[in-house]
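4 protein chains.
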Amino acid sequence: MTSMLNTSPATPASRWQCTRDHSIAIASYLSDEDAAAQSMPDASPIKWHLAHTTWFFETFILGSFEAEFKPHHPAFRMLFNSYYNGIGEQFSRPQRGLLTRPGMKEILAYRHAVDQRMKKLLQHNSSEKLNDLLELGIQHEQQHQELMLTDIKHLLSCNPLHPAMLAPEASDTIRDYVTPSELAMEWHHLDAGVVEIGHQGNDFCFDNETPRHRQFVEAFQIASRLVNNTEYLEFIRAGGYQNPALWLANGWNWVQQQQVRHPIYWHCDERGNWWEFTLHGSQKLSPHQPVAHLSFFEAAAYATWIGARLPTEAEWEYAAQQAHPPSQLFDTCWQWCNSSYTPYPGFQISDGAIGEYNGKFMVDQYVLRGSSGFTPVGHARLTYRNFFPTSARWQRSGIRLVRSV
Amino acid sequence: MTSMLNTSPATPASRWQCTRDHSIAIASYLSDEDAAAQSMPDASPIKWHLAHTTWFFETFILGSFEAEFKPHHPAFRMLFNSYYNGIGEQFSRPQRGLLTRPGMKEILAYRHAVDQRMKKLLQHNSSEKLNDLLELGIQHEQQHQELMLTDIKHLLSCNPLHPAMLAPEASDTIRDYVTPSELAMEWHHLDAGVVEIGHQGNDFCFDNETPRHRQFVEAFQIASRLVNNTEYLEFIRAGGYQNPALWLANGWNWVQQQQVRHPIYWHCDERGNWWEFTLHGSQKLSPHQPVAHLSFFEAAAYATWIGARLPTEAEWEYAAQQAHPPSQLFDTCWQWCNSSYTPYPGFQISDGAIGEYNGKFMVDQYVLRGSSGFTPVGHARLTYRNFFPTSARWQRSGIRLVRSV
Amino acid sequence: MTSMLNTSPATPASRWQCTRDHSIAIASYLSDEDAAAQSMPDASPIKWHLAHTTWFFETFILGSFEAEFKPHHPAFRMLFNSYYNGIGEQFSRPQRGLLTRPGMKEILAYRHAVDQRMKKLLQHNSSEKLNDLLELGIQHEQQHQELMLTDIKHLLSCNPLHPAMLAPEASDTIRDYVTPSELAMEWHHLDAGVVEIGHQGNDFCFDNETPRHRQFVEAFQIASRLVNNTEYLEFIRAGGYQNPALWLANGWNWVQQQQVRHPIYWHCDERGNWWEFTLHGSQKLSPHQPVAHLSFFEAAAYATWIGARLPTEAEWEYAAQQAHPPSQLFDTCWQWCNSSYTPYPGFQISDGAIGEYNGKFMVDQYVLRGSSGFTPVGHARLTYRNFFPTSARWQRSGIRLVRSV
Amino acid sequence: MTSMLNTSPATPASRWQCTRDHSIAIASYLSDEDAAAQSMPDASPIKWHLAHTTWFFETFILGSFEAEFKPHHPAFRMLFNSYYNGIGEQFSRPQRGLLTRPGMKEILAYRHAVDQRMKKLLQHNSSEKLNDLLELGIQHEQQHQELMLTDIKHLLSCNPLHPAMLAPEASDTIRDYVTPSELAMEWHHLDAGVVEIGHQGNDFCFDNETPRHRQFVEAFQIASRLVNNTEYLEFIRAGGYQNPALWLANGWNWVQQQQVRHPIYWHCDERGNWWEFTLHGSQKLSPHQPVAHLSFFEAAAYATWIGARLPTEAEWEYAAQQAHPPSQLFDTCWQWCNSSYTPYPGFQISDGAIGEYNGKFMVDQYVLRGSSGFTPVGHARLTYRNFFPTSARWQRSGIRLVRSV
């Protein structure tokens, strides 16, 4: 569970520097063309991620703390604003792939210029508000680092040449695989009771993890590990994608309309062998890896087929709090919860544009817990709430099973 | 709260007869053309509702209990199957308005024939399973009676002549208005604690209301009545539909794409007077009526604007259980909850096609509680869970406010 | 060639009366529900046709010639205006099926009231302008009589019960079949030269048939009859719908996207027998009937397959002018020409709203010549130019072949 | 009329070399990112054009004439096949912008490798068939050179920074402007008669320009020059885009749905000054330049407004054949004709995949004549038939007026 060990460097400024460097490290595997393309409206070009995370520091920190703030480029305020209505207009999201200018060189120059100004600012300023925004900016960039990996994976998967981003020998920091855990799936029993979930203490968390509050959880059992590829293949072979009785109604519509027959990155060759597209290129399906890149619909259908269900987010967090928690909670796959993404009781939205960070998305999405192999080291938390729509499957999302008792 | 008094006739058979008659009573206000048209994919022709509710009794009761069951018409099994994959194929939902044959006369003959067979069956058979299915069929037809009213209202609203279904003097049984309650909005305080929600006892309920279970609710306040037209008009006049800060992200997209500027059945004439389309035709906006026919997005935006929020379904049910509950819980507007529609802990789906009744819709929808002026007498319950997607606004849905303390 | 014998009653007024009656005769085969439904945006409800043809007389004749003209109903000017921007706003075309009110009874009352006013007007007025508009109104209503038949045929074909509009024994005036001609297909040779096409003389024609003008036609051969069902079936059996080499590029896209595998009203049962849906219900495919209800794309693909091509409209009209013309020119199927619908040299658009009748449609459509079994008696002409988009196939359109020499 | 002077180098091989170089010259103005993006399904990435034109020589020449032909890369046969079903599968056209691999370097290497093989082949082989295919390949690449300019112009126009591809001082070979001609518009009279149009002689032409044949043309007048920006601005200021009476029906739908208010690359600043986006960046609207980048609908609406019409292609070619032809026939804007793109009488499609070059597009498109400032030197001809759908406006298309007499 490396990601839980917060091996943070001593100072916020040095953690900020590490984070900035890591984004560049990811982009270094890509050509300028790779970094400029957008494969679907939900994804963004890598170049855009590099610019937007810079825009975040420029807008929310330099814009507030620099004495004589002047934007790096007047148009960037609009070009690289993702969704902050409080900041102003935004460039049309599905057209981000058309922004061939500014080119990669100019984006890197933008990063460099903002970083220089940030360093200067951090040397001479210090306040709780600044530290809080700095930490938020770091966490924000880490979130985009994961999106960079999921977005580039989706882009490369659209290419019939199945190009690999990473060499066969995996890099140390970016891995599109998981160290498999023990094979037998066991069930941990948890008793009913009032539990507390949500963040507490002074460490960083996103606003959506607060306030810590009580929930009543009925007794249940939780699986000791995630569902793996072998198990999911049995579902496919048993006709799971052809049997409407296993699917939620919207899920069945989705399967029919999109002609879904297997996980998005799987394909079966003419000899009946299954392959999985990864950042290391197309690989033979690895039997003990957790099944990844599933929609909520697929996760729920599998659970129904096997006679189990998906956890609520309270169940997941309660189980993760135990002295002997289930394995594969982190660094594997995000785990779909049967909990829609709603505010915790007493949740307060921050003032100003920064308040748009999380709160306005609390509708029509479902929560995922844990973290994936794409999540940057040090970013995950027990109380972390990730969220996506039910049909999203370009994220590294898998299945943790529970059952009622 | 007439609908809570279960003034049921003495026998199931007579309750069944009353229910069957009431559907015919609704249709009696309409021409054959009115009853055949479909205004949008979410709505169905009235004629189809009359046939489908009959199909339900034919398929699930006659099909199981008649010794030598023969379908009334071999094609009806497919034509009037709504969504039961366990029964077989279904006619394309958005094309229901193209089924000009069978005509209204044949549909009425179908109802008559099935009713005769049902009467004979009910005279000679009796079992718990039969009684349960009979009750489910009655409740099912009552649900469709409400949909008949919301669907015909939507259809007539598309007609620039603004035709009235009902004469100005309202009928006794079908009313598109509410007796307004006291004007001042007050706040009832409720303490934190473990509460029990969900159905208990032997009376009928839908499977989605079970099992009764515990939830922890933090302290909150609930409004003594629903938001009314005057209050909602203030939101419009304050620029509510133009201010993205008040809307959930999906809600703001919806407002922009659909160019929404007011509730679906409202319009403002050239002199600035507001009108509301009703089953009695176009009427001057009634200031003390609860505001009705809102999407979840509109309800949530209003709540944000006024500094409150929407209740969870546990909060709503807990408040409704009190000795002195808030007013306008029933017979007014369905009340949007900020709870997605999910299974209660321990929920079990029934075997067979009947298990498709509720469970498979438990995703991507939000719960509404209470009942509306369109809900048949005797159909509502404290534990009733209605559900629709967040953008739906052709239902009689309004706003109950709560606030955290 | 009954349709070429202009068996017109003695007076314009009596011809007008006959035309009005014939529309009612067509509608008499339908229920109010049949007459109110709209199966697709290109089609209109029968009731709408009845009202629109009445609106035409009311707007263009009563509105000009009645001393104290008052509209029958103020809203009808908009509701039943098809596309005349010069008259004002139009009700949304794809929503015509939602106009359940006014009902059939009111539409018939509208027809009756306008007819009474027309009769009175025709008794007391006479002028060339009035006669011209009266004739245009008659021809206009005849065009809609053909559309009534094609629209209702399309609507009934969407119904899985395959209902018949007409009894098995065909009515005298409405026939969904053709008397087959001689079986052998022969080729008539025509020499190159300057030919004259377009209307001449004082008889009625539409503005798009004028002015008569010269065109140069190279030598060609024209088929003695239309392609029949047997011949078209060979194209299907030879894999015609699977072979991109036979199709125009847009046609191949259309075949792929719409999954077209045979003419719209054909279907093949599980024993391999072919059936055709007609106004008399589903019928065994008749081998010697001209193949009907084809898109331009299908007609062109068949012609390519058989080594021929479709005629230009000049070629068609030139061949039809001969002393011994090809058979099946009229009363069978409209015949697709490889001529886009453009103005003849010197074509002038009339002043006022009536100028919108034809001219504004002269783009992105192709010409069809001849007439079909659905065309009213007396409506067809050698110079008649019908026109539809290349993908339209709900019209009674077939194949006349030619080949270059 | 530089483009009419066929300043071709002495040998086919040297002409081929010049053509190959010119494509590289165009791409040299662009970054790798510019060259990889696709702004809409109708356009293609520059990189794709570079590869596809190479594919054409590889497939149709090397594939036929090399003794031991081996494809450069097995996947390229599919990736860079535009629409030749006879060659096999094609990569999805709207997704060409997702092909970040092969990158620009690999595409240039592909060009280089095929060019080396071509040079060797041309040194040792010679036959009429080879020469014909070589010439077709040259002409094909020239067509794509014009598309490269229109596609990159469209892409850059989507960027709110309005980036310029070319420096303010125009390059010699690529110009996004026209030397304006005399200002007064005069009318040339042409007599009625049988004219001959279509290609004759042994010089290269596309198959769609043959066979030369006779057409009858009625007397008409043709404008001495193209409509210019000043004149088109008067149409805008007179409310041309708001007046349905000026538009063809499909054109009016297009204007309404796309909210078109001016030519695609024009915009009006807040002070009321008009600007035009060009490959040199945003420029003040030049009053005497021919108005460019219009759809057929816009061209036809302008002609109707001014009391003229668009020429047929026979009229255009007949006028261009005169001893004293109108000016601005070439090197300015392609000129919309009111002639749909159909085969000339006696037109024969070539055998094999090469037969897909032109013939299968002869439907649902309109002819444009002349050539534009983007057309490569030496590519234009009197008999050249360009073609696009009526709504296309990213091509350099303008207005030549005619009027009937």
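Residue numbers (the numbering used here), protein chains in the order written: chain P, 657 to 1061; chain L, 657 to 1061; chain B, 657 to 1061; chain D, 657 to 1061. Yeah, the Cβ is synthetic: ideal placement off N, Cα and C, and Gly gets one too.
Taking a Cβ-Cβ cut-off of 8 Å, Thr835 (chain P) has no neighbours in chain L, whose nearest Cβ is about 33 Å from it.
When Cβ-Cβ separations below 9 Å define contact, Val873 (chain D) makes contact with chain B. Apart from the 5 residues on each side of it in sequence, Arg733 (chain P) sits with its Cβ closer than 8 Å to the Cβ of Trp711, Thr715, Pro727, Ile743, Gly744 in its chain, given in chain order. Runs of the alpha helix (DSSP H) lying entirely within the stretch 676–707 of chain D, each at least 4 residues long, are 688–692 in chain order. For the set P:Phe713, P:Ser748, P:Leu822, P:Phe986, the Cα lying nearest the Cα of Thr934 (chain P) is the one of P:Leu822. Under DSSP, Lys940 (chain L) forms a beta bridge with L:Trp931. By alpha-carbon distance to Asp847 (chain D), the top candidate from D:Ala970, D:Gly1008, D:Asp690 is D:Ala970. With its beta carbon at least 9 Å from every one in chain L, Thr710 (chain B) lies outside the interface. Assignment of Gly849 (chain P) by DSSP, reduced to helix, strand and coil, places it in the strand class.
Sequence-ordered contacts of the stretch 1021–1043 of chain L with chain P are nonexistent [C-beta pairs closer than 7 Å]. Taking a C-beta cut-off of 9 Å against chain D, the contacting residues of the stretch 683–698 of chain P are Leu686, Ser687, Asp688, Glu689, Asp690, Ala691, Ala692, Ala693, Gln694, Ser695, listed in chain order. Of all residues in the stretch 789–817 of chain P, none has a C-beta nearer than 7 Å to a C-beta of chain L. Between Asp807 (chain D) and Ser1006 (chain D), the C-beta gap is not smaller than 9 Å, which leaves the two residues out of contact. Residue pairing of Thr988 (chain D) in beta bridges, as defined by DSSP: D:Ser1028.
Neighbours of His869 (chain L) in chain P, taken as residues whose beta carbon is under 9 Å from its own, are Phe872, Glu874 in chain order.
DSSP places His729 (chain L) outside both helix and strand once states are collapsed to three, so it counts as coil. Not a single CB atom of chain P sits nearer than 9 Å to the CB of Arg1049 (chain D).
Note on the stretch 775–841 of chain L: whole alpha helix (DSSP H) runs with a minimum of 4 residues are 784–813, in chain order. In the DSSP assignment, Val1058 (chain P) is bridged to P:Ile878, P:Arg965. Annotation: Asp771 (chain D) to Glu762 (chain D) spans about 14 Å, alpha carbon to alpha carbon. For Ser996 (chain L), the nearest beta carbon of chain P is closer than 9 Å to its own beta carbon. At least one beta carbon of chain D lies nearer than 9 Å to the beta carbon of Arg757 (chain P). In this structure, Tyr1022 (chain L) and Tyr997 (chain L) form a Cβ contact; the two beta carbons are roughly 6 Å apart against a cut-off of 8 Å. Assigned with DSSP and collapsed to three states, Ser1053 (chain B) falls in strand. DSSP places Arg893 (chain B) inside the alpha helix (DSSP H), whose first and last residues are 885–893. Under the DSSP assignment, Asn909 (chain D) falls in the alpha helix (DSSP H) whose first and last residues are 905–914. Taking the C-beta atoms as reference points, Glu926 (chain D) is found no nearer than 9 Å to Tyr739 (chain D). The three-state reading of DSSP puts Gln945 (chain L) in coil, since its state is none of H, G, I, E or B. In this model, Ala1009 (chain P) and Pro900 (chain L) are separated by some 11 Å (Cα to Cα). Under the 10 Å beta carbon count, Ala840 (chain D) is surrounded by fewer than 16 other beta carbons and is classified as exposed. Under the 10 Å beta carbon count, Asn1042 (chain L) is surrounded by 16 or more other beta carbons and is classified as buried.
Boundaries of the beta strand (DSSP E) harbouring Gln871 (chain L): 869–873, taken from the DSSP string. Under the three-state reduction of DSSP output, Phe736 (chain P) falls in the coil class, being neither helix nor strand. In the structure shown, the three-state DSSP call for His768 (chain B) is helix. Around the beta carbon of Val1061 (chain D), a 10 Å sphere encloses fewer than 16 other beta carbons of the protein chains shown; the residue is thus reported as exposed. Of all C-beta pairs linking the stretch 848–860 of chain L to the stretch 886–906 of chain L, fewer than three are shorter than 8 Å, placing the two stretches out of contact.
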